[in-house]
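Line by line, the protein sequences are chains A and U. Read in order, the letters of the first sequence correspond to residues 502 to 625 in the numbering used here. Read in order, the letters of the second sequence correspond to residues 17 to 188 in the numbering used here. All residues carry an ideal CB built from backbone N, CA and C; glycine is no exception.
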Amino acid sequence: MPPIQSAELKAVVEAIDRGLLVRLVGTADLRVTDTVEQLLTSVHQQATAGQVSEVRVDLRDLEFMNSSCFKSFVTWISQVQELPESGQYRIRFMSNPKILWQRRSLNALSCFAAHLVTIEAAAN
Amino acid sequence: MAECDLGFCELSFQQRPELVSVVRRFVSDFYDRTLCDPDVSSRLALATHELLENAVKYSRDGKAKLRIEVSSRGSNAHILVRTRNRATAEDAEYVQNTIQEMRGSPDPNLYYLDVIRRNARRTHGSGLGLARIHAEAEMKVSVTCGKGGTMTVIAETDVELNEAALSVRGVA
């Protein structure tokens, strides 16, 4: 998938060792709801086609995410939950402790799918 | 108690969704300077963003108003975030039902998790905004519908003023 380069949000997907890295920078709000949904749909397709074991999502430079974009993550995780256990991959969020909404929102995702989601707090 | 003695701001919007994030940054700074607590500021900024975005997105005429009031109650501050728009009867009914259901649930976090599960495959709207305000921002949410389809949504909470905030007020 080509990188997303809008004024409010930049997103890049890269292949890494046995997985994918998704990096989001900027603000995920009303203006990019469809873009984020399409991005995560594409990531899921790449992850299942490539039989990866983990997708890392780097949110360390994501200033804010609204509930519509947050919901796209919920939908993505639920798609992984619906895969046969052998095809499921883990999702590791890299968060920034200085961006305070991330702790609560990512904790909610972790509670939603504790067996799939890992949160890693790491400042830049 | 003096009304809004710690500050208030009021903003009117036309259909400009890109301004919602601008407002979030502005009010975040306002909360920082008034309450001197980054965690509280973050929670309130999240609630303000969600309420305003909904008010703009679901406004029948593209207009929305935001008012924020911060008033002192002893060593606490009461923060009220209010949005007003003209909503369709369907949207107003949805918000009323959602808030009624939310307030009937004893635990905001368990309710939020339940809403996340139920709405995972929903295609129209996230259905998460109000529950997110209730759980993540730790705010009580209410709604009033008036004449001409006017809908007012309020999120409010009390927070303890820390030494820095009291110092700003000249109390400490």
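Nonlocal neighbours in the same chain, by C-beta distance under 7 Å from residue i, ignoring five residues either side
i                : result
Ile578 (chain A) : Ile592, Leu610, Phe613, Ala614, Leu617 and Val618
Thr166 (chain U) : Arg100 and Arg102
Arg76 (chain U)  : Arg102, Ala103, Thr104 and Gly165
Residue-level contact to chain U via CB, residue i, 8 Å cutoff
i                : result
Leu510 (chain A) : no
Phe565 (chain A) : yes
Ala550 (chain A) : no
Asp530 (chain A) : yes
Phe594 (chain A) : no
Thr536 (chain A) : no
Sequence-distant residues of its chain with Cβ nearer than 6 Å to residue i (five each side left out)
i                : result
Leu35 (chain U)  : none
Met502 (chain A) : Val514 and Ser543
Met159 (chain U) : Checking the sequence shown, residue 159 (chain U) turns out to be Val, not Met. Here the set comprises Val111, Gln112, Ile115 and Val169.
Whole-Å CB distance - residue i paired with residue j, under 8 Å assumed
i                : j                : result
Val56 (chain U)  : Val175 (chain U) : 5 Å
Ser28 (chain U)  : Lys81 (chain U)  : 5 Å
Phe594 (chain A) : Leu607 (chain A) : 5 Å
Asp53 (chain U)  : Ala181 (chain U) : 7 Å
Ala151 (chain U) : Tyr127 (chain U) : 7 Å
Val537 (chain A) : Ser587 (chain A) : That belief does not hold up - the Cβ atoms of Val537 (chain A) and Ser587 (chain A) are roughly 28 Å apart, past 8 Å.
Ser568 (chain A) : Val533 (chain A) : Not quite, the Cβ-Cβ distance comes to about 13 Å (not below 8 Å), so this is no contact.
Leu563 (chain A) : Val526 (chain A) : 7 Å
Ala153 (chain U) : Arg49 (chain U)  : Rounded, the Cβ-Cβ distance is 19 Å, inconsistent with contact.
Ala63 (chain U)  : Val575 (chain A) : Actually they do not touch by this definition, with Cβ atoms about 19 Å apart.
Arg557 (chain A) : Asn597 (chain A) : Their Cβ separation, rounded to whole angstroms, is 14 Å, which puts Arg557 (chain A) and Asn597 (chain A) out of contact at 8 Å.
Ala516 (chain A) : Pro504 (chain A) : So it is not a contact: roughly 14 Å between Cβ atoms.
Contacting residues, own chain, Cβ-Cβ under 8 Å from residue i (five flanking each side not counted)
i                : result
Phe24 (chain U)  : Arg83, Ile84, Glu85 and Val86
Met17 (chain U)  : The predicted position of Met17 (chain U) is uncertain, since its pLDDT is 42 and thus under 50; no value can be drawn from it.
Gln582 (chain A) : Gln589, Ala614 and Leu617
Lys79 (chain U)  : Ser28, Phe29, Gln30, Gln31, Asn101 and Arg102
Glu26 (chain U)  : Lys81, Leu82, Arg83 and Ile84
Within-8 Å CB hit, residue i to chain A
i                : result
Ala103 (chain U) : no
Glu172 (chain U) : no
Asp55 (chain U)  : yes
Leu32 (chain U)  : It should be pointed out that residue 32 (chain U) corresponds to Arg in this sequence rather than to Leu. Answer no: the Cβ-Cβ gap between Arg32 (chain U) and chain A never drops below 8 Å.
Arg89 (chain U)  : no
Ala18 (chain U)  : Summary for Ala18 (chain U): the model assigns pLDDT 47, below 50, so the residue's position carries little reliability, and this model does not support an answer.
Gly145 (chain U) : yes
His150 (chain U) : no
Ala80 (chain U)  : no
Leu35 (chain U)  : no
Arg98 (chain U)  : no
His140 (chain U) : no
Asn135 (chain U) : yes
Arg40 (chain U)  : yes
Tyr127 (chain U) : no
Where the beta strand (DSSP E) containing residue i begins and where it ends
i                : result
Leu563 (chain A) : Glu555 to Met566
Leu522 (chain A) : Gly520 to Ala529
Thr168 (chain U) : Thr166 to Glu176
Ile132 (chain U) : Per DSSP, Ile132 (chain U) belongs to no beta strand (DSSP E); it is in the alpha helix (DSSP H), Pro124 to Asn135.
Ser28 (chain U)  : Gly23 to Phe29
Ala609 (chain A) : From DSSP, Ala609 (chain A) is part of no beta strand (DSSP E) but of the alpha helix (DSSP H) over Trp602 to Phe613.
Residue i, enclosing alpha helix (DSSP H) - first and last residue
i                : result
Glu109 (chain U) : Ala105 to Arg119
Asn92 (chain U)  : That residue, Asn92 (chain U), is in no alpha helix (DSSP H); its beta strand (DSSP E) goes Asn92 to Arg102.
Arg59 (chain U)  : Pro54 to Lys73
Ile149 (chain U) : Gly145 to Ala151
Ser543 (chain A) : Thr534 to Ala550
Ser596 (chain A) : Run containing Ser596 (chain A): none in the alpha helix (DSSP H); it sits in the beta strand (DSSP E), Arg591 to Ser596.
Leu51 (chain U)  : Leu35 to Leu51
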